[in-house]
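Undergrad:
In my numbering, the protein residues as written are 2 to 439.
(1) Grouping DSSP H, G and I as helix and E and B as strand, with all else coil, what is residue 440?
(2) Where does the unbroken alpha helix (DSSP H) through residue 66 begin, and where does it stop?
(3) Which residue's Cα is closest to the Cα of residue 152: 167, 160, 159?
(4) Using C-beta distances below 8 Å, list every residue in its chain close to residue 144, excluding the 5 sequence neighbours before and after it, in chain order.
(5) My guess is that residue 221 and residue 279 are in contact by the Cβ rule of under 8 Å, so how many angstroms apart are they, rounded?
(6) Count the other CB atoms, across all protein chains shown, that sit within 10 Å of the CB of residue 296; report buried if there are 16 or more and exposed otherwise.
(7) Take the Cβ of residue 142 as the centre, count every other Cβ of all protein chains shown within 10 Å, and call the residue buried at 16 or more, exposed below.
(8) Name the residue from 47, 182, 320, 201 whose alpha carbon lies nearest to the alpha carbon of residue 190.
(9) Is the separation between the beta-carbon of residue 119 and that of residue 58 shorter than 9 Å?
(10) Taking 9 Å as the threshold (C-beta atoms), are residue 388 and residue 77 in contact?
(11) Give the single residue among 379, 370, 372 whose Cα lies nearest to the Cα of residue 314.
(12) Tell me the DSSP bridge mates of residue 144?
(13) What do you get for residue 20, buried or exposed, if any count of 16 or more other CB atoms within 10 angstroms of its CB means buried?
(14) List the whole-angstrom C-beta distance separating residue 217 from residue 136, where the pair is believed to meet the contact cut-off of C-beta under 8 Å.
(15) Give the DSSP-derived three-state secondary structure of residue 37 in the structure shown.
(16) For the beta strand (DSSP E) containing residue 165, name the first residue and the last one.
(17) Quick one, which of 25, 392, 74 has its alpha-carbon nearest residue 301's?
(18) At which residues does the alpha helix (DSSP H) containing residue 267 begin and terminate?
(19) Put residue 32 into one of helix, strand or coil per three-state DSSP.
(20) Could you give the residue range of the alpha helix (DSSP H) that holds residue 284?
(21) Can you find at least 3 beta carbon pairs, one from the stretch 100-118 and one from the stretch 170-180, that sit closer than 8 Å?
(22) Helix, strand or coil for residue 217, going by three-state DSSP, please let me know.
(23) Please name the residue in 349, 182, 256, 312 whose C-alpha comes closest to that of residue 374.
(24) How is residue 235 classed by DSSP in three states: helix, strand or coil?
(25) Which first and last residues belong to the alpha helix (DSSP H) in which residue 197 is found?
(26) When you compare only the Cα positions, how much space is there between residue 17 and residue 45?
(27) Return helix, strand or coil for residue 60, following the three-state DSSP convention.
(28) Closer than 6 Å by C-beta to residue 215: which residues in its own chain qualify, once you throw out the five before and the five after it? Chain order, please.
(29) Use the C-beta contact count for residue 9: other C-beta atoms within 10 angstroms, 16 or more gives buried, fewer gives exposed.
(30) So does the stretch 324-331 actually touch the stretch 341-355, counting three or more Cβ pairs closer than 8 Å?
(31) Would the stretch 204-215 count as touching the stretch 392-399 if we require 3 or more Cβ pairs under 8 Å?
(32) May I ask you to report which of helix, strand or coil DSSP gives residue 172?
(33) If we count Cβ pairs, one from each stretch, closer than 8 Å, do we get three or more for the stretch 58-68 versus the stretch 338-350?
(34) What distance in whole Å lies between the Cβ atoms of residue 23 and residue 185, which are believed to be in contact at a cut-off of 8 Å?
(35) From residue 386 to residue 101, what does the alpha carbon distance come to, in whole angstroms?
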């Protein structure tokens, strides 16, 4: 059904199948095509990319630096794996990059206006209701309903006497990070204070779902993600000074790193914990192992990854990128993050409407929540959505030929000068803002 939806649904609803499969179908459920392994999120991402190519949704997208960085990141990981490990591991790496590569360009192609983001939030809030119910049932019964479909443990995992709800997600922490990353977007709808009842319902229902799902995973990473999102919103009033705030944070971080014995990563992972039984020290040792063995992975990654016992479970996205593709891949990943934030900054400056500014800022805070959370979990399974789909959306909104152009149309529409029409516009008014759709 989702695959049919991908080709025949209106563009504003095309992200719904991705969210639905991510939230309701376990990555352990998979099938093989000519020896190639696909789980359903990988399959729908690939099908959606094919849909984008068939319908030429990328025809208005200018291939820019951020797109080159994404392609370069994927190629670097594949080539480094091929050189140091051979063909079969490189083929496996090709399979793993399908989701991030596809989701990034799906975000670039299918999200043209802020109303497209709002329609995505409608889908997330609706799909999140049964997910929140299943998480609640897990807390009271210790039974995971999604286990009947396979690939998910029947009995909910317990750590230090606390149940860690998982649903259909690959891991409780991944589930918590997924929902924590969406929470700032729903906060933007709450703060809009729009007369539209639909916006308020979307905001409050979606935010409640995010809070319930993130808290019921009983993970420090999930709770930290929620707090980062709330803290990020405290800077909305200073949105015109974000560059200054960024460099101030860099200076403070450098001061704390070189001024403490264990470094900034030691202060964060060994001193901050929100639930008992947290494995912050494990994550601290991942950073220590990576930094102390830079000569082994710097050039093109490494196959020898047992730098210390913590590397049995590499729950850090950036450490994994460095081990897979060396310093080039790590640099490209950081460059993608920087380009995404720059794009949001351009969109924020171009926006004159308060509801638009709130949503753009919320998207930036959501991405900040995601990239911070992935220092404590790898972007496996559903985790690629807030990391790469959000990045693609942000780059498009900051694209002068697409996102900034549509923001300009909205501004003119408020003054009564905007006329609907054009190849990528929808007729009528937006149900969210009451303005003509661009």
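Cβ coordinates follow ideal geometry from the N, Cα and C atoms, glycine included.
Predicted model only: the values in this text are computed from it and were never measured.
TA: For this structure:
(1) What is shown of the chain runs 2 to 439, which leaves residue 440 out entirely.
(2) For residue 66, the enclosing alpha helix (DSSP H) starts and ends at 66-86.
(3) The shortest Cα separation from residue 152 among 167, 160, 159 belongs to 167.
(4) Cβ-Cβ distances below 8 Å link residue 144 to 138, 155, 156, 157 in the same chain, with the five nearest sequence neighbours on each side left out; the list follows chain order.
(5) Going by Cβ atoms, the distance from residue 221 to residue 279 rounds to 4 Å, so yes, they are a contact pair.
(6) Flag for residue 296 reads exposed.
(7) So residue 142 counts as exposed.
(8) Of the candidates 47, 182, 320, 201, the residue whose Cα lies closest to the Cα of residue 190 is 201.
(9) Contact: no.
(10) At the C-beta level, residue 77 and residue 388 stay beyond 9 Å of one another.
(11) When each option's Cα is compared against that of residue 314, the closest is 379.
(12) Beta-bridge pairing links residue 144 to 156.
(13) With 16 or more Cβ atoms within 10 Å of its Cβ, residue 20 is classed as buried.
(14) Between residue 217 and residue 136 the beta-carbon gap is near 4 Å, inside 8 Å, which marks them as a contact.
(15) In this structure, residue 37 counts as strand in the three-state DSSP scheme.
(16) That run of the beta strand (DSSP E) goes 163-165.
(17) Per the Cα distances, 74.
(18) Per DSSP, the continuous alpha helix (DSSP H) segment holding residue 267 begins and ends at 264-272.
(19) Strand.
(20) First-last of the alpha helix (DSSP H) with residue 284: 281-293.
(21) No: fewer than three Cβ pairs fall under 8 Å.
(22) In the structure shown, residue 217 sits in coil (DSSP, three-state: anything other than H, G, I, E or B).
(23) It is 182.
(24) The three-state secondary structure of residue 235, taken from DSSP, is coil.
(25) For residue 197, there is no enclosing alpha helix (DSSP H), as DSSP marks it with neither H nor E.
(26) For the pair residue 17 and residue 45, the Cα-to-Cα distance works out to about 11 Å.
(27) Here residue 60 sits in coil by DSSP.
(28) Setting aside the 5 residues that flank it on each side, residue 215 is surrounded in the same chain by 177, 180, 181, 223, 227, each with a C-beta closer than 6 Å to its C-beta; the list follows chain order.
(29) So residue 9 counts as exposed.
(30) Not touching, per the Cβ criterion.
(31) They do not touch, by the three-pair rule.
(32) Coil.
(33) The answer is yes - the stretch 338-350 touches the stretch 58-68, with three or more Cβ pairs under 8 Å.
(34) About 18 Å separates the beta carbon of residue 185 from that of residue 23, a gap too long to meet the 8 Å contact definition.
(35) For residue 386 and residue 101, the distance between alpha carbons rounds to 8 Å.
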